[in-house]
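Counting from 1, position 45 in the sequence shown corresponds to residue 29 in our numbering; the numbering is continuous, with no gaps.
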Amino acid sequence: MARAVEFVGLPEAQLNLAQAVVHLATAPKSNTSAVGIWRALDDVKNKPAGAVPAHLRDSHYRSAKKIGHGVGYEYPHDDPRGWLPQEYRPPEVADRVYYEPSEHGYEQEIGERMRRLTDHDEDGE
């Protein structure tokens, strides 16, 4: 949009700007991403830092596997869904939920996708 205004110039670009205003004014609103960030920041400030889970630690050096580094790590890109139910957070915050999608707009689809992924894994498939 900014490039359109730059190339077209005013007053003709008023149509481009009006279209952007109407789109933004009528788009579903949600602050769930912001709430998720605020929850995470609150945990950073108020909870212990926690250690990087052993399966995520560097395993490229000799003897790393002997101390558990990289053991059990699964590469999500190899999964047909591109997603695996492995924990990436330290135990201190592993049970925390930061992002909860709303039922507005595209977030509804994100929520459905999240449910499908977790339901699929709870079924053991």
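The C-beta atom is built at its ideal place from N, Cα and C for all residues, glycine as well.
P75 counts as exposed, since fewer than 16 other C-beta atoms from the protein chains shown sit within 10 angstroms of its C-beta. D27 carries a helical assignment under DSSP once its states are collapsed to helix, strand and coil. Look at E71 here: in three-state DSSP terms it is coil, with no helix or strand label.
Excluding sequence positions up to five before and after N0, its CB lies within less than 8 Å of the CB of M(-15), A(-12), V(-11), V(-8), all in the same chain and listed in chain order. E96 and E84 have their C-alpha atoms spaced approximately 11 Å apart.
DSSP, reduced to helix, strand and coil, places N0 within a helical segment of the structure shown. By the Cβ criterion, the region 10 to 22 is not in contact with the region 36 to 49, since fewer than three pairs of Cβ atoms, one from each stretch, lie closer than 8 Å. The three-state reading of DSSP puts G95 in helix, counting H, G and I together. Within its own chain, the residues whose Cβ lies closer than 8 Å to the Cβ of K13, once the five positions on either side in sequence are excluded, are H88, listed in chain order.
Contact annotation: G54 and S47 have beta-carbon atoms that are not nearer than 8 Å.
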